[in-house]
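Q:
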Amino acid sequence: MAESGTGGNQVGLKLHAAQRALGLVESGMTVGLGSGSTATLWIKLLGEQVRNHGLKICAIASSEDSERLGRSYGIPFVTFEECQSLDLTVDGADEIAPKLALIKGGGGKLLREKIVASASKRFVIVADESKVVEKLGRFPLPVEVIRMACPLVSGSLRELGFTPTIRVNPDGSNYITDEGNFILDCSGLLIEDPYALARELDSIVGVVEHGLFLDMANLAVIAGKHEVVERTS
Ligand code: 5RP
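With positions in the sequence shown counted from 1, the corresponding number in this note's numbering is that position plus 7.
1. Tell me which same chain residues have a C-beta within less than 7 Å of the C-beta of R154, skipping the five on either side of it?
2. Which stretch, first to last residue, makes up the alpha helix (DSSP H) that contains R119?
3. Would DSSP call N181 helix, strand or coil?
4. Below 8 Å, can you find three or more Cβ-Cβ pairs linking the region 116 to 135 to the region 85 to 92?
5. Closer than 6 Å from C-beta to any heavy atom of the ligand 5RP: which residues, in chain order?
6. So, is E55 buried or exposed, given that buried needs 16 or more other C-beta atoms within 10 angstroms?
7. Mapping DSSP to helix, strand and coil, what is I153?
8. How is D101 classed by DSSP in three states: helix, strand or coil?
9. Rounded to whole angstroms, what's the CA-CA distance from G218 to L197? Just pull it up for me.
10. Between the alpha carbons of Y80 and E136, how many angstroms are there, rounded?
11. With a Cβ-Cβ cutoff of 7 Å, do A224 and I132 count as a contact?
12. Taking one C-beta from the region 96 to 108 and one from the region 35 to 48 each time, how about it: are there three or more such pairs within less than 8 Å?
13. Give the DSSP-derived three-state secondary structure of P171 in the structure shown.
14. Would E199 be called buried (16 or more neighbouring beta carbons within 10 Å of its own) or exposed?
15. Starting from the Cα of A203, find the closest Cα among S161, G35, A108, A46 and give me that residue.
16. Check A224 in the structure and name its three-state DSSP category.
17. Just confirm the distance between the C-beta atoms of V140 and L208, as a whole number of angstroms; I'd bet it's less than 8 Å.
18. Which value, in whole angstroms, describes the spacing of the CA atoms of M36 and N59?
19. Terminal residues of the continuous beta strand (DSSP E) containing D192?
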């Protein structure tokens, strides 16, 4: 699956992955739009196809930013009231481990991203090669929490071995998700058993969702300096 001349810089690599994934879209599809810089490149490419080349799709976005961007290209949006099953979702990732186990949520959109991915027949990750790891956990795992429960959830996460930190905006205020929650970025633990950890996190009252995406992605399109490779789960 080589593609010549991917170029060395990270934005160039992300663009190559997004371009490859564009080939998966067909007219008539309902498409999930991910979030983050790689997904943004993909949305722009998709938007150009809709605006300039007559591609007929409708979409559901995983963030307000992605929906705004899609609308600026004239991509029509639907809701889960109108459509409960998406043909394809394309999104980025923060880490990609064997079996396409992922950490997502670096951009803070993990809850809606997981909802959209869970409703998709195909969930495809686009990324540059820096995202590939043998074990998850060097990237701090984002955990979305109900605000009032934040101190309690922090305690539970510490007991699991994490160092949780409340995510803040550049101005020092707490980052608030699209659903009005806080994010705890959990560092300090290499994840030996993501499934066991996901079960632990799911059982903590006050955790809304976490950034472990397991058994969800069908394909990862990963751009390196010399080629774009496709990995399946
Ligand atoms: C947002 C995400 C992003 O997809 C993830 O952070 C990757 O972002 P980027 O493509 O900018 O590296 O999960 O919540």
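Where is the CB? At the ideal position from N, CA and C, for every residue including glycine.
A: Straight from the coordinates:
1. N188, F189
2. 117 to 125
3. strand
4. yes
5. G41, S42, G43, S44, T45, A46, D98, G99, A100, D101, K111, G112, G113, G114, G115, K116, L117, E120
6. exposed
7. coil
8. coil
9. 14 Å
10. 29 Å
11. yes
12. yes
13. strand
14. exposed
15. A108
16. coil
17. Going by Cβ atoms, the distance from V140 to L208 rounds to 19 Å, so no, they are not a contact pair.
18. 17 Å
19. 189 to 194
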